[in-house]
Structures are given as structure tokens and as C-alpha cells.
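A.B. asks:
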Amino acid sequence: MSKQRHKGTAFETLIVDYLRDSGTFPQASRSPLHGAKDTGDTMNTQPFVLEIKNVKQMSLGAWIDEVGREYANALQKGSRYRFSALIHKRRGKGWVGDQFVTMTLSQFTQLARHVMEQRNGQNEHRALTAIRGVEE
């Protein structure tokens, strides 16, 4: 294994461990390579397709294009993924929680809409519960 590949694998493992240990994605794991049909670097992180990078020279545009292709591959397989994001090394920051997450504005607005719909659904549920409590 090349030094660069080893560095990337170690960073992917660090990120997956963080996602799992945080309780956000308790079943998260590293994904095996699938070549042209790759669906990201992680498994069990629905609703996110995640690409993870640890290289010195940042290429955000190319990486976002890559995660976009992986997202499209995941959708073709009929998966439950709704968003894609890039996790990449933040130089000079050793704590895993300080690393960067990047996504397109389109993906961000879809995520924000999803969060707002969830919030509105919860508020609607609370209102209906309160009304039912008054009626009973």
C-alpha cells in the first residue's frame, strides 16, 4: 500500500469511527471500492453519501464532482440516500471533529428543507396533540 493510500485509509477510518462513536451513524463503516460504480467512502450513513479526502493539495471542485457521481450511482441502485457531502482534512487541526464538511448549495438547501420539514412536522404533531388534549 502506498504512503498516500495508507494516509487516506487511516483518515477514512478516523472519520468513520467518529461518525459511529458520536451516535450519529452507529452502524457506519468504510465502504469497499466499486470502481466506476462507487457510492462513496462509507456505508450505513443514510441519508448521506460521503466522500472522504486527506491530501495536501485541495481540489474541491473535482472532489464535489466525484461525490456527485457517487450520489448518482447510489440513487441508481435505489438507495435511501438524499444528500451528498465531502469530508476533508483541515490542516493544522488534529481533532477529528474540526475537519471540514463541504457540499454544494443545492445539496445544502435540500438538507435545510428536510430539516425544516421535520421541524414543522414536529410542531404540527405538538399542536395536534395539544388540541386533542383540550378536546378530551
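Residue 135, in numbering that gives the first Met the number 0, is where the sequence shown stops; the numbers in between run on with no holes. For glycine and all other residues, C-beta sits at the position ideal for the given N, C-alpha and C.
1. Give the DSSP-derived three-state secondary structure of Thr23 in the structure shown.
2. Under the three-state reduction of DSSP, which class applies to Ser105: helix, strand or coil?
3. Could you tell me if Thr108 is buried or exposed, where buried requires 16 or more neighbouring beta carbons within 10 angstroms of its beta carbon?
4. In three-state terms, what does DSSP make of Val100?
5. Roughly how many angstroms lie between the CA atoms of Asn72 and Lys92, to the nearest whole one?
6. Report yes or no: do the stretch 99-106 and the stretch 9-23 share at least 3 C-beta pairs separated by less than 8 angstroms?
7. Which residues share a DSSP beta bridge with Lys52?
8. Hey, how far is the Cα of Asp97 from the Cα of His87?
9. Distance, Cα to Cα, Gly34 vs Asn122?
C.D. replies: Straight from the coordinates:
1. coil
2. helix
3. exposed
4. strand
5. 32 angstroms
6. no
7. His87
8. 10 angstroms
9. 44 angstroms
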